[in-house]
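Input: a single structure, listed below in structure tokens.
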Amino acid sequence: MAGSSLFGSDSESDNELDDAIAGPSRSQGFAHSRTAAPPLRSCRGDRSSTVSPRAAPEGLFHFPQAIPIELQTLLVHNITTTLPLTVKQNQLMYFAHLPSALDPLLHRLNADIPTYGLPTEVLEDLLDRPDHEHDRQAIINLYRPGMGIAPHVDLPHRYSSVILGISLLGTTVMDFVSTCDSENKFELVLRPGDVYILSGKSRYAWTHGIQYRDSDWIEGEERKRGLRISVTLRRMKEGGHVVG
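Structural data, given as structure tokens:
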């Protein structure tokens with residue numbers, strides 16, 4: 001399913017995507033993710049989740065570099081060579097039967113998620129098992145520099161209470177705003193290989209979005225955006241596969 005109207009114009013050539021995958025910008029992005037100064041951390045279980053100096057929304061978990069570089073490279077290759085993702089068709093949605101391009105990611109998550117130290121109810125929603133009552137849905141988005149997504153709360157009547165996102169290729173900033181107090185805001189820096197999870201209040205009581213701009217102010221420096229791919233995984237409630 002194409003989603004260009006959601007993100008912006010589609011005037012650029014698909015060569016931009018090829019250059020980002022094959023060129024130095026990708027490796028530079030990965031290297032920066034490895035060498036970035038570590039943020040303040042709050043340890044839960046066997047893996048650390050980052051916390052901004054400002055209070056994060058309750059139920060938001062962030063796991064930097066949770067996806068190894070080798071797997072990031074494989075996922076980008078799989079997505080861009082086997083799926084119809086282009087700068088013009090920049091959004092793909094899959095219901096129940098997810099593409100094999102995501103299999104390495106799903107296997108890795110199923111193995112690693114139990115080590116994240118998540119609350120039981122969050123863990124149960126995320127783990128794959130044959131008897132899970134809700135099918136999984138995936139949405140893959142391609143963001144060019146300058147593109148964003150409007151602040152929103154994922155439809156509560158369509159999707160379950162836990163959302164997991166993976167960031168690939170580029171770095172961006174995701175903005176959270178409380179639905180009760182628009183002055184209560186939080187910024188989450190997402191680098192290549194980062195995993196974030198929305199649950200509880202961060203899922204229902206805060207909007208999340210990405211501002212439309214060419215650069216972000218991160219750790220006291222202006223960082224130009226490059227191409228970025230996001231993969232979002234959610235569980236569908238009954239009837240959640242019906243769009244419209």
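For the sequence shown, the residue numbers in full-length UniProt numbering are 1 to 244.
Note that beta-carbon positions come from the ideal geometry of N, C-alpha and C, so glycine has one too.
When DSSP states are grouped into helix, strand and coil, residue 62 belongs to the strand group. Contact check for residue 80 against residue 101 fails: the beta carbons are separated by 7 Å or more. In this structure the segment 222-231 touches the segment 158-170; the number of beta carbon pairs closer than 8 Å is three or more. DSSP places residue 140 inside the beta strand (DSSP E), whose first and last residues are 136-143. Fewer than three pairs of CB atoms, one per stretch, sit closer than 8 Å, so the segment 100-118 makes no contact with the segment 200-217. As for any alpha helix (DSSP H) of minimum length 4 sitting wholly inside the segment 86-127, the runs are 103-112, 120-126, ordered along the chain.
DSSP, reduced to helix, strand and coil, places residue 166 within a strand of the structure shown.
Here DSSP, grouped into helix, strand and coil, assigns residue 73 to helix. For residue 212, the three-state secondary structure derived from DSSP is coil. Here residue 64 is buried: its Cβ has 16 or more other Cβ atoms, across all protein chains shown, within 10 Å.
Residue 232 sits in a strand when the DSSP states are folded into three classes. The alpha-carbon of residue 236 is positioned some 11 Å away from that of residue 154. With contacts defined as CB atoms closer than 7 Å, residue 173 and residue 185 fail to qualify as a contacting pair. Cα atoms of residue 151 and residue 74: separation of roughly 30 Å, rounded to the nearest angstrom.
Using a Cβ-Cβ distance cut-off of 8 Å, the segment 119-138 and the segment 215-226 are not in contact, since fewer than three pairs of beta carbons, one from each stretch, lie closer than that value.
Of the candidates 127, 86, 200, 192, the residue whose Cα lies closest to the Cα of residue 108 is 127. Per DSSP, the continuous beta strand (DSSP E) segment holding residue 178 begins and ends at 172-178. Residues of the same chain with a CB within less than 7 Å of the CB of residue 199, apart from the 5 flanking positions on each side, are 59, 122, 161, 162 in chain order. Assigned with DSSP and collapsed to three states, residue 182 falls in coil, not helix or strand. With 16 or more other Cβ atoms from the protein chains shown falling within 10 Å of its own Cβ, residue 62 counts as buried.
Bridge pairing for residue 190: 172 [DSSP].
Rounded to whole angstroms, the separation of the alpha carbons of residue 188 and residue 77 is 26 Å. Between residue 72 and residue 192 a beta carbon distance of about 6 Å is seen, short of the 8 Å cut, so the two are scored as contacting.
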